[in-house]
Every structure is written in structure tokens, then in C-alpha cells.
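*Asks:* So the protein sequences, as listed, match chains A and B. If you're matching positions, the first sequence starts at 1 in our numbering and goes up one per residue. If you're matching positions, the second sequence starts at 1001 in our numbering and goes up one per residue. Ideal Cβ placement from N, Cα and C applies to all residues, glycine included.
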Amino acid sequence: MSILIYTENWDGKFKKLSYELVSYAAAIAKEMGSKVIALSIGDISDEELSKLGDYGANKILTVKDERFTSLDNRAIANAVSAAAKIEDAKIVIFANSNLGKAIAPRVSVKLEAGLVTGVIALPISIDPFVVQKKVFTGKAIANVQIDTEVKIITFSQNSYEVVEVENNATIEAFDPSVVDGDFSTTVTETNKVTGKVLLTDAEIVISGGRGMKSGDNWGGLEQLADMLSAGLACSRPVSDEGWRPHGEHVGQTGKIIAPNLYFAFGISGAIQHLGGVSSSKVIVAVNKDAEAPIFESADYGIIGDVNKVIPQFIEGIKEL
Amino acid sequence: MKILVLISNVPDTTTKIRFTGDNTSFDDAGVQWIINPWDELALTRAMELKEAGGIEKITVANVGEKATEPTLRKALAVGADDAIRIDAPAKDAFYVASQLAEIAVGYDLILAGIEASDYNGNAVGGMLAEILDYNSVSAVSGINIEGDKFIVNREIDGGSQVLNITGPLVAIVQKGIAKEPRIPAMRGIMMARKKPLNVANPIEANERTQFVNFELPPPKAACKMIDEENAKEIIKLLHEEAKVL
């Protein structure tokens, strides 16, 4: 019996959320007395793979088959399912990322497993297996029971602290026995965001709204982001106006993020925006309008002009 | 080519969320129901593809009881040609996907919103693809048709891709797939009354998950307000009090 986790990588490295998954799975495994098996697909060095062991993975299965670079949903689902069967996995955990959300439903059908997406904490109980997730776009929390023998969850990022442990993992090459017919996706173009902090990985996010007045006024926010190694984000009107790229839109219909610290500059805080950021641990809001709903969700607030506040923030950070 | 758009009937996004029965079920008293926002974008893109030519028919389908029919009528008013309602409560993702698999065969492109704004599941589209052994692409922010291939824009974690894939395809769509959702015009609303809305009986299928109960998040402490002139003070508080800097 084991817990299988699918650990995603980015440019040959594991993402922080992969370590969160390992730590999270290790905590469940301890309670169940089972092992943690990590599945990695991609050209990852043994040194990088072994890092998964530092967070509690007992065994790392590595697949280096280049065909998987197309991120074909069926092929990856087949590979994960094959690993789950061989390792007798009773729980399969994915990140609640674009890829995890794409693959987990397919695997759940293959393994006849119940699936809960967007889980935010350790299970409430193991038997019966009950997990928590946010529903109604963050307006409520649900306790959901999975009734099948095999359970699958996708786990939200920034919901579990990474914990280093004394542990050595074995690394094994894994042949998922996929055939060419499993691959039907031909990628013709890839645009990677480079040199910037990934928004969904960022611990601090600097975000601007309509109150920034124009896309030309982002210099201060970019400087703050640089100083804090933060991700840049914006509200929907900003990306709709073309001031900033769509990839930076956070909110109910954009990206949903959960950083430790979220700065909202000139964002009024419509319910649709809050749906994407309300899981942030600390929210700082700067807005001219004292009635802006963002202040109801914020921990720290300034009623004032973003242009006067941003330089003071920059100065304050320099003094830290 | 035929397109099927999957529709979830969800509470209006501004609904105040309450629960009944000792917090075991959603209190739908007085709730306004809408087409799930992502499904609405999917339908809009389907309409654009049809207007570009080569699409024979757009069908919308949901799993839901009779009370969900106004939402399907609205989808017909936006421009779908016909609708199918599978007459059963939407118990869980696998149950819903199993029902939809019964009516989805024969469509070349199936569009599903990336999640529903009620239980935020993200699962029905992918499950349906696996049940039918169809190709699937998720986080789709653009789709075009070229001969027998679909040209798909997909968001990946940290970038985006363009890819080719053949049908039948389940495309799980997100923001960007269409700019603004279409609002039904008066003519559309009149025409929708005459369009077919077929009711199908559900098949036997299992549920694999169940909601035990719900909780409302704890109320947030009041926001600490700082004067504009002392903005620097916040940085200090974030460092010393909140310890996030």
C-alpha cells in the first residue's frame, strides 16, 4: 500500500508546490503507516530527484521518455495510472495546477477512484476519508467524503508548509508502457514566462487595478516586485484594457492564487476579484475610496493615492 | 461538424451563501440561477465558430432537475440550436460525467467550462473524455478549426502553448476563449421558446464522493488602517507583526 504523488517540474527543476505535495503526502503516510512514492516525468537530474527524498518521499519513479513533453493528457493519465497500479497506491495526489487539474479526472476514471479537487488541508479523517475544499469561489468550505477504495485529490498550493526530514529515497527508472497511440497532442509553439517569478508559485504578489490609471504607471509595482522577488498580477479590467497581459489576471475567472502576502494597489475588490485572492494569508490594500470593499478583506489598509504610497513602500523595504 | 457545450446551472456569483439542515446542504431559497460563467464563454466561442462556417449544430446539455430548464432556455436564447436535459440531480462529478457520456457520442467537439462556480470541481470534462476515450485538452484559452484538426491555445503552469489535436475532442476552456459572454437578444429569447429542449432519462451510475457538511470561513479581523503619510509604517508591520516580509 502506498501514496502516489505526481511531482511536476519546471525547466528541469521541481516547483515549490512539488515539495509541498511531498511533505503533505508524508504526513498522511505517517498516519496510515504507508510509503510515499513520487512520480516524475521529464528530464530531471538524479541530484534534483533526490531532493524529493529530503521532504519524505521513499521512492522516486522517473520517466524520461521525451514524448511526454507534449503534456498529452491521455498519455500522462495512463502513466500515472500504471504507476498507481504497480505501487498499489490507495491515495493519488496531484497539485491543483493546470496540469494536475487536467490529468486527475482522467486518472480517477481509470482507477475507479473518487476525486476531490482543490483540497486545502490534511484529511479530517482517514477512515472514512474526508477532506476539506473551498466551494462557492472561496465563500464556504466543504467537508467531502470519498467512498471508493482508491482516493484521488488535487492539493492547493501554499496550503501546507514544506518540512525537511532525515530520509533517503531510492530512485528508479519507470517504464509506464505507453504506446505512440496514446499521444495525440502536437505542440507547435511554446511561450514560457522567463526571468519572472511564476504567479502561482510566488510567496508575495504585487497587484494593480483600475486605480493605477494606465499601463504606463506600472514602474513602481515592477520595482516593488523586483525588490521582494514577488509575482506581478492585476485585476480583470486591467487585462481587459490591455494594460497588462491576461496571464497576470487574478480573480474568479483568472488565476486563483494563495500567496503569503498580497498587495492590492487601486483594486476596489469586487467579489469576483476576491474569489481569486481571498486565500492569501495577509492582504494589504491601497485605495482612494474609503468605501472600497477590498478593505473588508484586507489586513492592512491605506486610504490614499497609490502614487504617494508606492515610493514610501520602496523606501521602507530598503530600510529593512 | 457538431459541437456540444456542457452547461452547469449555478447560483449567481453575487449570491450570499447560506446552508440549511445543520449545514449539510446549500440553501437555495431566493437564489438567482445562471449559466456557469465559463460555460457561457464556451457557448460564446461555439457561436463564433458556427458563424465562421462549417458547424452544423450546437447542442447544450446539462444534468439537472426540471428547475434547471430556464438556464438551458437562456443558452438556447444565446444561440444554441437544441438542448438536452438529463433528468437527475447533479450528484457528483463522476455521476454527471457518466450521464453526459450517454448523449455526447456523435459530437466532434465538446466544450466544458474549466470549473463550476458552485462546488468548484474541475472534473466533469476530463472524466467524460476518459469514459469515452476521447482526446482532451485543459486550460484552453483559444480554439480554431482547420480541416479535421483543432488548433488549440492552452495555458500551462508558467506559459502557454499552441497545439494541434484531432477530434473527437473534449476542450476544457477558461478565460480568453471568448472575450465577453453573449447576452441573449429579444429575438433570441423569442426563438428559444420554439427550439427543442429534450429530456433524457438518467442511467444507473455510482456516486463516488459526497458532501458531509459545509462551514463558513471565520470572520476576518478588522483591517488595520494607516495614514497615507505614514505608509512606510505598513512595511514595518508586515516585517515585525505579520512576519511576512
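#1: I'd like the ranges of any alpha helix (DSSP H) spanning at least 4 consecutive residues and lying wholly in the segment 200-232 of chain A.
#2: Pick out whichever of E164(A), Y160(A), L71(A) has its Cα sitting closest to the Cα of Q1161(B).
#3: List, from N- to C-terminal side, the alpha helix (DSSP H) runs of 4 residues or more that fit wholly inside the segment 1133-1161 of chain B.
#4: When you compare the CB of Y1107(B) with every CB in chain A, is at least one pair closer than 9 Å?
#5: Which stretch, first to last residue, makes up the alpha helix (DSSP H) that contains R1085(B)?
#6: Let me check understanding here. Comparing Cα to Cα, which of G266(A), I153(A), V238(A), A230(A) lies closest to I317(A)?
#7: Can you name, in chain order, every residue of its own chain whose Cβ lies under 7 Å from the Cβ of S214(A), other than the five neighbours on each side?
#8: Give the residues of chain A in contact with Q1099(B), contact being defined as C-beta atoms less than 9 Å apart.
#9: Taking only three categories from DSSP, how would you classify I124(A)?
#10: Please state the DSSP three-state secondary structure of W243(A).
#11: Identify whether P1011(B) lies in helix, strand or coil by the three-state DSSP scheme.
#12: Quick check on T1166(B) - is its C-beta less than 9 Å from some C-beta in chain A?
#13: Please tell me whether D1039(B) and G1126(B) are closer than 9 Å, where the distance is taken between their beta carbons.
#14: Quick one, which residues of the segment 2-22 of chain A are near chain B if we go by CB-CB under 8 Å, in chain order?
#15: Can you list the alpha helix (DSSP H) stretches of 4 or more residues lying completely in the segment 1153-1226 of chain B, in chain order?
#16: Any beta-carbon of chain B closer than 9 Å to the one on A285(A)?
#17: Can you name the residues that DSSP bridges to Q132(A)?
#18: Give the residues of chain B in contact with T148(A), contact being defined as C-beta atoms less than 7 Å apart.
#19: Buried or exposed: where does L321(A) fall if 16 or more other Cβ atoms within 10 Å of its Cβ makes it buried?
#20: Looking only at DSSP bridge pairs, what is H249(A) linked to?
#21: What are the residues in the segment 1117-1131 of chain B lying within 9 Å of chain A by C-beta distance?
#22: Who are the neighbours of N1135(B) on chain A, taking C-beta pairs under 9 Å?
#23: Tell me Y6(A)'s beta-bridge partners as DSSP assigns them.
#24: Whole angstroms are fine: how far does the CA of I120(A) sit from the CA of K1232(B)?
#25: Within its chain, find whatever has a CB closer than 8 Å to the CB of N96(A); leave out the 5 residues flanking it on each side and keep chain order.
#26: What number of angstroms, rounded off, separates the C-alpha of I267(A) from the C-alpha of M227(A)?
#27: Output the distance between the C-alpha atoms of G1030(B) and I314(A), rounded to the nearest integer angstrom.
#28: Using 9 Å as the threshold, is the C-beta distance between T188(A) and N1164(B) below it?
#29: For the beta strand (DSSP E) that F155(A) lies in, which residues bound it at each end?
#30: Taking 9 Å as the CB-CB cut-off, is N1213(B) touching chain A?
#31: Who are the neighbours of K101(A) on chain B, taking C-beta pairs under 7 Å?
#32: Quick one: list the residues of chain B neighbouring I317(A), beta-carbon separation under 8 Å, in chain order.
#33: Among the residues of its own chain, which have a CB less than 8 Å from the CB of D88(A), if the five just before and after it don't count?
#34: Which residues mark the beginning and the end of the beta strand (DSSP E) in which L1111(B) is found?
#35: Mind checking who L61(A) pairs with in its DSSP beta bridge?
#36: For the segment 1071-1079 of chain B against the segment 1192-1206 of chain B, do three or more pairs of beta-carbon atoms, one drawn from each stretch, fall closer than 8 Å, so that the two count as touching?
*Replies:* Once the coordinates are examined:
#1: The alpha helix (DSSP H) runs lying completely inside the segment 200-232 of chain A and spanning 4 residues or more are 219-228, given in chain order.
#2: Cα-wise, what sits closest to Q1161(B) is L71(A).
#3: Counting only runs of 4 or more, we get nothing.
#4: No, Y1107(B) lies away from the interface with chain A (no Cβ there is under 9 Å from its Cβ).
#5: Looking at the DSSP string, R1085(B) is not in any alpha helix (DSSP H); the run it does join, the beta strand (DSSP E), is 1082-1086.
#6: It is A230(A) whose Cα lies nearest to the Cα of I317(A).
#7: If we look at S214(A) and ignore the five residues flanking it on each side, its Cβ neighbours are W243.
#8: Here the premise fails: no neighbours, minimum Cβ distance about 14 Å.
#9: In the structure shown, I124(A) sits in coil (DSSP, three-state: anything other than H, G, I, E or B).
#10: Three-state result, W243(A): coil.
#11: Residue state, collapsed to three classes: strand.
#12: Yes, because at least one Cβ of chain A sits closer than 9 Å to the Cβ of T1166(B).
#13: Not a contact, by the Cβ cut-off of 9 Å.
#14: Contact annotation: in the segment 2-22 of chain A, residues whose CB is within less than 8 Å of a CB in chain B are E8, W10, K15.
#15: Counting whole runs of 4 or more residues, the segment 1153-1226 of chain B contains the alpha helix (DSSP H) stretches 1186-1192.
#16: It does; some Cβ of chain B falls within 9 Å.
#17: Q132(A) pairs with N143(A).
#18: In chain order, R1208 make up the part of chain B whose C-beta sits under 7 Å from the C-beta of T148(A).
#19: Because chain A spans 1 through 320 in this model, residue 321(A) falls outside it and cannot be assessed.
#20: H249(A) pairs with C234(A).
#21: Taking 9 Å as the Cβ-Cβ cut-off against chain A, the residues of the segment 1117-1131 of chain B that qualify are S1117, D1118, Y1119, N1120, G1121, N1122, A1123, V1124, G1125, G1126, M1127, L1128, A1129, E1130, I1131.
#22: Result: D72, N73, R74, S184, T185.
#23: Answer is L39(A), bridged to Y6(A).
#24: C-alpha of K1232(B) to C-alpha of I120(A): approximately 33 Å in a straight line.
#25: Cβ neighbours of N96(A) beyond the five flanking positions: T117, G118, V119, T154, F155, S156, Q157.
#26: C-alpha separation (whole angstroms): 21 Å.
#27: If you take the alpha carbons of G1030(B) and I314(A), they lie about 48 Å apart.
#28: Yes, the Cβ-Cβ distance between T188(A) and N1164(B) is below 9 Å.
#29: 151-155 is the extent of the beta strand (DSSP E) around F155(A).
#30: Output row for N1213(B): interface = yes.
#31: Per Cβ cutoff of 7 Å: N1122, S1138.
#32: Simply I1235, L1245.
#33: Closer than 8 Å at Cβ, skipping near neighbours: M1, S2.
#34: From DSSP, the beta strand (DSSP E) with L1111(B) extends over 1109-1113.
#35: DSSP lists L39(A), E172(A) as partners of L61(A).
#36: The segment 1071-1079 of chain B vs the segment 1192-1206 of chain B: in contact.
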